[in-house]
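If you read the sequences in order, they're chains A and B.
According to our numbering, the first sequence is numbered sequentially starting from 1.
According to our numbering, the second sequence is numbered sequentially starting from 1001.
Notes to accompany the following structure.
Number of protein chains: 2
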Amino acid sequence: MRVSAKADYAVRAAAELAAVEDGPVKGERLAEAQDIPLQFLEHILLELKHAGIVRARRGAKGGYWLARPAEEITIADVIRAVEGPIANVQSAPPESVHYRGKAEHLVEVWIAVRASLRAVLEHTTLADLTTGKLPKAVKRLAASPDAWEHR
Amino acid sequence: MRVSAKADYAVRAAAELAAVEDGPVKGERLAEAQDIPLQFLEHILLELKHAGIVRARRGAKGGYWLARPAEEITIADVIRAVEGPIANVQSAPPESVHYRGKAEHLVEVWIAVRASLRAVLEHTTLADLTTGKLPKAVKRLAASPDAWEHR
DNA sequence: TCGCTCCTGACCAAGGCAGTCGAGAAAGTC
DNA sequence: GACTTTCTCGACTGCCTTGGTCAGGAGCGA
């Protein structure tokens, strides 16, 4: 139930890419802008490339750029690219686990958990993130003061 | 973004306890009912005890029982007892991280993620779970057919 | 062909995860 | 008081993930 450094870095780097439209940005610049260890970031960018989220060119004037418009890439896409499926239970998708006894309805709870995560992550795009114009439902969730409380 | 075996086990054991009201249940019976390795389960039950969710007595006729009524214990309580805070980013609470550059609004997204998890987990009690009468919002989330799709 | 930048695999330390083991301490039961 | 039952709890283990670093290679542009 936590967001790994890798996922966090990946989203931040992608956001940075979403904000520039003129040509490739080199890894070094992304690393500086977001304060991410360069060599680690390069691994992450490679995964994003393999997932078809980012493109890259080598050599002078090389760098990375988004493969699709920022409006069409969601945060969920980025996280899945580096972390695999969201909200697995015991490394298996929730719909495939089978509960017995008094825990039968637990599967519905995990499904609901996943659905509510998706509701946030699949509807927020990189464009939303860079402009700050988050979807209304997300804004509403983040607006409540006790969403900011620690517990 | 995954549910650990420990959290899953903890909730299942707690659900099993919620379903009996007559006296203590021994660890062995819980382990069998939910198919959980006994010795591992005992560690988990101990943590639940330290968190004040469960009580225990040793000796013949000993066992475990819920410290409070099942209607007053939420799944979030149980998960926090064994896993710590829900939805941390990089092992720190989301409201304490500071983003720069184009990722500034990311903090709101993580807050929204946490809030939406809480909306499910803090409103579902052990009583809801054993009776199958989940909160309406949770039912609604789990009812959508594509909540069950893999992706 | 030279310099730049990405690409990739190997490696590493620390810590978490999912348990197992074994000795003890309390609570009955006879 | 002996005995059994059951929780308590620390130690230990093997494996995997996390969060990196390092070194070399491969493609690109000039």
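Note that the Cβ used here is the ideal one computed from N, Cα and C, for glycine as well.
Within the segment 24 to 56 of chain A, contact with chain B at the beta-carbon level (separation under 8 Å) is assigned to ALA33, GLN34, ASP35.
Taking 8 Å as the threshold, the shortest C-beta distance from ILE73/A to chain B does not fall below it. In the structure shown, the three-state DSSP call for GLY63/A is strand. Counting the other Cβ atoms within 10 Å of the Cβ of GLN39/A gives fewer than 16, which makes it exposed. Closer than 8 Å to the CB of HIS123/A there is not a single CB belonging to chain B. Taking all protein chains shown into account, GLU1149/B has fewer than 16 neighbouring C-beta atoms within 10 Å of its C-beta and is therefore exposed. At a cut-off of 8 Å between beta carbons, TYR99/A contacts chain B. Residue contact check for ALA1005/B against chain A: a CB pair falls below 8 Å. Taking 8 Å as the threshold, the shortest C-beta distance from VAL1089/B to chain A falls below it. For ASP77/A, there are no C-beta contacts with chain B under 8 Å, since the nearest C-beta of that chain is about 10 Å from it. Of the residues assessed, ALA60/A falls on the exposed side of the cut-off, its CB having fewer than 16 other CB atoms within 10 angstroms.
With respect to ARG1012/B, ALA103/A sits close: the two C-beta atoms are nearer than 8 Å. Distance from ALA1070/B to ALA1119/B at the Cβ level is roughly 20 Å; contact not present, criterion being Cβ atoms closer than 8 Å.
One finds nothing in chain A with a Cβ atom closer than 8 Å to the Cβ of VAL1082/B; even the nearest lies about 11 Å away. Here DSSP, grouped into helix, strand and coil, assigns ARG1057/B to strand.
Listed along chain B are GLU1108, VAL1109, ILE1111, ALA1112, ALA1115, each with a C-beta nearer than 8 Å to that of ALA142/A.
Counting only Cβ-Cβ distances below 7 Å, ALA67/A has no contacts in chain B at all, with the closest Cβ about 18 Å away. In this structure, ILE1086/B lies away from ALA1067/B, with their beta-carbon atoms at least 8 Å apart. Positions of the beta strand (DSSP E) runs, each at least 3 residues long and wholly inside the segment 32 to 56 of chain A, cannot be given because no such run exists.
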